[in-house]
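Undergrad: By the UniProt record's numbering, the letter at position 20 of the sequence shown is numbered 20, and the numbering carries on one by one without gaps. One structure is given below, represented as structure tokens, and several questions about it will come after.
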Amino acid sequence: MSEQNQDHWDFYFGRVDGKPSTTFLNLSLAQRAPVQGFTDCVYVSVKMQAPKPNGLSSKEEFEALAALEDDLARVIDTQGGIFAGRVTHAGLRDFFAYFRDGGAAKKALLDFQQRHAGYAMEIGARTDLDWEVYRGYLYPAPSAFQQIRNRAQLMQLQAQGDDLGKRRRIDHLATMPSREAAEAFAEAAGAEGFQLDEITDEGDVARVRFWREDAPHGIDLVTDMIVGALDGAVGRYDGWDCPVAKT
Numbered sequence: 001m002s003e004q005n006q007d008h009w010d011f012y013f014g015r016v017d018g019k020p021s022t023t024f025l026n027l028s029l030a031q032r033a034p035v036q037g038f039t040d041c042v043y044v045s046v047k048m049q050a051p052k053p054n055g056l057s058s059k060e061e062f063e064a065l066a067a068l069e070d071d072l073a074r075v076i077d078t079q080g081g082i083f084a085g086r087v088t089h090a091g092l093r094d095f096f097a098y099f100r101d102g103g104a105a106k107k108a109l110l111d112f113q114q115r116h117a118g119y120a121m122e123i124g125a126r127t128d129l130d131w132e133v134y135r136g137y138l139y140p141a142p143s144a145f146q147q148i149r150n151r152a153q154l155m156q157l158q159a160q161g162d163d164l165g166k167r168r169r170i171d172h173l174a175t176m177p178s179r180e181a182a183e184a185f186a187e188a189a190g191a192e193g194f195q196l197d198e199i200t201d202e203g204d205v206a207r208v209r210f211w212r213e214d215a216p217h218g219i220d221l222v223t224d225m226i227v228g229a230l231d232g233a234v235g236r237y238d239g240w241d242c243p244v245a246k247t
């Protein structure tokens, strides 16, 4: 659909009710949510026919689910809706879209349901003035958002022939609200094997540059730890960088 072509769509792994999940969403909507007038969130929950044992989608069902999603996207577009994203978990694929009139959208989706009668599905709507479904359920937490960035960075390294399993110095950057907070964070990072490069004062914030030897293929575990520590210190993780290491 047109929205999907214009905006930035990506995915991340997580857990819903303690079970593995994957979320695919339009990240660009965060810049304008809630969209004025689009007050109703409509969901379509589809029971997959051949999920993996962990409840996620399988290769065997990929084409059928892709065709179903393409058809749903067309319906959303035709009805003037905004396709926000989908979550796959526990043998279900749940789609979410925002409309000006959720009741009218539900009626239009009945034809869609009939076209895909081989799939058991539930269609519902709720008023969501603040887009809580998008902001609080679909949108990734800081650690998951960093994993999206990590994946893009790893793909860039691979494109240059990098051996992602090779350990090397990986530099990190974080922003803290004060030098005192930066020094406390640097001390805590040191306990996890990180080396302090420098702390610089930049206006009302302090930036911490630090590093550790790691292999890029395990970067998610590293950034999860850093983001978790910064969350408690009211800081912000600004990312990592490393040289290309070929075999």
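Idealized CB from N, CA, C, for every residue including glycine.
On a CA-only basis, which of Asn26, Ser28, Ala125 and Val87 is nearest Asp17? Give me that one, please.
TA: Comparing Cα positions, the closest option is Val87.
Undergrad: Work out the CA separation of Leu25 and Tyr237 for me, nearest whole Å.
TA: 22 Å
Undergrad: Roughly how many angstroms lie between the CA atoms of Met1 and Gly81, to the nearest whole one?
TA: Confidence at Met1 is low in this model, with a pLDDT of 41, below 50, so the placement of that residue is unreliable and no value is reported for it.
Undergrad: Taking DSSP as the reference, what is the three-state secondary structure of Glu3?
TA: Unreliable placement is indicated for Glu3, whose pLDDT of 43 sits below 50; no coordinate value is reported for it.
Undergrad: May I have a chain-ordered list of the beta strand (DSSP E) segments no shorter than 3 residues that lie completely inside the segment 16 to 78?
TA: Entirely contained in the segment 16 to 78, the beta strand (DSSP E) runs reaching 3 residues are, in chain order, 19 to 26 and 40 to 47.
Undergrad: Distance, Cα to Cα, Asp241 vs Arg168?
TA: 11 Å
Undergrad: Within 8 Å, do at least three Cβ pairs link the segment 129 to 146 to the segment 222 to 230?
TA: yes
Undergrad: I'd like the ranges of any alpha helix (DSSP H) spanning at least 4 consecutive residues and lying wholly in the segment 166 to 193.
TA: 179 to 190
Undergrad: Go through its chain and collect everything with a Cβ distance to Phe194's Cβ below 6 Å, but skip five positions before and after it.
TA: Phe210 and Arg212
Undergrad: What number of angstroms, rounded off, separates the C-alpha of Gln4 from the C-alpha of Thr200?
TA: Model confidence at Gln4 stands at a pLDDT of 47, short of 50, so the residue's coordinates are unreliable and nothing is read from them.
Undergrad: Where DSSP assigns a beta bridge to Gly14, which residues make up the other side?
TA: Gly14 is bridged to Ser21.
Undergrad: By DSSP, does His89 sit in helix, in strand, or in coil?
TA: strand
Undergrad: Are the CB atoms of Ala120 and Val44 nearer to each other than 9 Å?
TA: It is not a contact, given that the beta carbons lie outside the stated cut-off.
Undergrad: Can you list, in chain order, the residues of its chain with a C-beta nearer than 7 Å to that of Lys246? Leave out the 5 residues immediately preceding and following it.
TA: Excluding residues within five positions, the ones whose Cβ falls inside 7 Å are Gly161, Asp162 and Asp163.
Undergrad: Where does Thr23 land, buried or exposed, given buried means 16+ other C-beta within 10 angstroms?
TA: buried
Undergrad: Less than 6 Å between C-beta atoms, sequence neighbours within five positions excluded: which residues of the same chain meet that for Ile76?
TA: Phe83 and Ala97
Undergrad: With a cut-off of 8 Å on the beta carbons, I'd call Gln79 and Ala108 a contact; round off their distance for me.
TA: 5 Å
Undergrad: Going by alpha carbons, who is nearest to Arg74 out of Ala191, Ala105, Glu122 and Gln49?
TA: Ala105
Undergrad: Which residues in the same chain have their Cβ closer than 7 Å to the Cβ of Glu61, if we skip the five residues on either side of it in sequence?
TA: Met48, Gln49 and Ala50
Undergrad: By a C-beta neighbour count over all protein chains shown, 10 Å radius and 16 as the cutoff for buried, is Pro216 buried or exposed?
TA: buried
Undergrad: Applying the criterion that 16 or more other CB atoms from any shown protein chain within 10 Å of the CB defines a buried residue, is Asp204 buried or exposed?
TA: Flag for Asp204 reads exposed.
Undergrad: Taking one C-beta from the segment 24 to 39 and one from the segment 127 to 141 each time, how about it: are there three or more such pairs within less than 8 Å?
TA: Judged by pairs of C-beta atoms under 8 Å, the segment 24 to 39 touches the segment 127 to 141, as three or more such pairs exist.
Undergrad: Just tell me which of Glu69, Asp111, Asn150 and Asp94 has its CA closest to the CA of Pro219.
TA: For clarity, residue 219 is Ile in the given sequence; the question names Pro instead. The shortest Cα separation from Ile219 among Glu69, Asp111, Asn150 and Asp94 belongs to Asn150.
Undergrad: Tell me whether Ala120 sits in a helix, a strand or coil according to DSSP, three-state version.
TA: coil
Undergrad: What does a CB cutoff of less than 8 Å around Val244 pick up in its chain, not counting 5 residues either side in sequence?
TA: Leu157, Gln160, Gly161 and Asp162
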